[in-house]
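*Asks:*
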C-alpha cells in the first residue's frame, strides 16, 4: 500500500512534469519563432548597417574630393592672382607675388619673405592693386561669367600703377564696366 501510494504520487508528479514539459515545449516553439523572426530582423538590420556604412564612405569620399578640388582651385587662383599682381605692381623687383592661405587670406610675398597685408602695411594704392589682383584671380575661375564693375578705379594710384591697371582692364573679363570720377581718366 505504501508503495502504491508512492507510485500514485509519482504518477501525479509525472503527469505534472509532463504538463510542465508540454508548457516548456510550447514556450520553446514560441521562442524559436521569435528567434527566427529576429534573425530575419538581424538580416534586415545588417543590410541597413551595410547601406549606412556605404553611405558614410560615399560622404567621406565626396568630402575628400571636394576638399582636394577646393585646394587645387585655391592653388590655381593663387598662381593667377600672383601673376596679375606682378603685372600690376610698380615694385616688381621687391614683390614676388601673393599667396593665399587655406582660409583665403592674402599674404604679400617679397624678397624678404611672406607677410600678411596688415604686417606689410602697403599704401592704399598698393592695397587697391592687391585687391584688383585677387578679384581678377577669383574671376578667372568662377563658374559663371559676369561683367566686372569697377568704381573709381585709379583715384588713389600713382602714374605707374594707373598705367598698369588701365592696360590690364581688357584682360579682366569679356565685359568690364568702369565708373570713373571726372578727371580720373583723360583721353590719353
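Numbering (my numbering), first residue to last: 427 to 614. The beta-carbon is built from N, C-alpha and C at its ideal position, and this holds for glycine as well.
1) Leaving out the 5 sequence neighbours to the left and right, which residues in its chain are closer than 7 Å to residue 503 when beta-carbon positions are compared?
2) Which of the three DSSP states, helix, strand or coil, is assigned to residue 525?
3) Taking C-beta to C-beta, are residue 506 and residue 555 nearer than 8 Å?
4) Is there contact here, the region 602-610 with the region 576-591, by at least three beta-carbon pairs under 8 Å?
5) Can you say whether residue 535 is buried or exposed, counting buried as having 16 or more other CB atoms within 10 angstroms of its CB?
6) Run through the DSSP bridge pairs and tell me what residue 535 is partnered with.
7) From the DSSP output, in three-state form, read off residue 612 for me.
8) Let's test the definition: count the other Cβ atoms within 10 Å of the Cβ of residue 515 and tell me whether it reaches 16, buried, or not, exposed.
9) Starting from the C-beta of residue 540, find all residues in its chain whose C-beta is less than 8 Å away, skip the five residues before and the five after it, and write them out in chain order.
10) Indicate the three-state DSSP secondary structure (helix, strand or coil) for residue 448 in the structure shown.
11) Which value, in whole angstroms, describes the spacing of the CA atoms of residue 531 and residue 501?
12) Does the Cβ of residue 559 have 16 or more other Cβ atoms within 10 Å, making it buried, or fewer, making it exposed?
13) Helix, strand or coil for residue 436? Go by DSSP, reduced to three states.
*Replies:* According to the structure data:
1) 526, 563, 564, 567
2) strand
3) no
4) yes
5) buried
6) 523, 540
7) coil
8) buried
9) 525, 533, 534
10) helix
11) 13 Å
12) buried
13) helix
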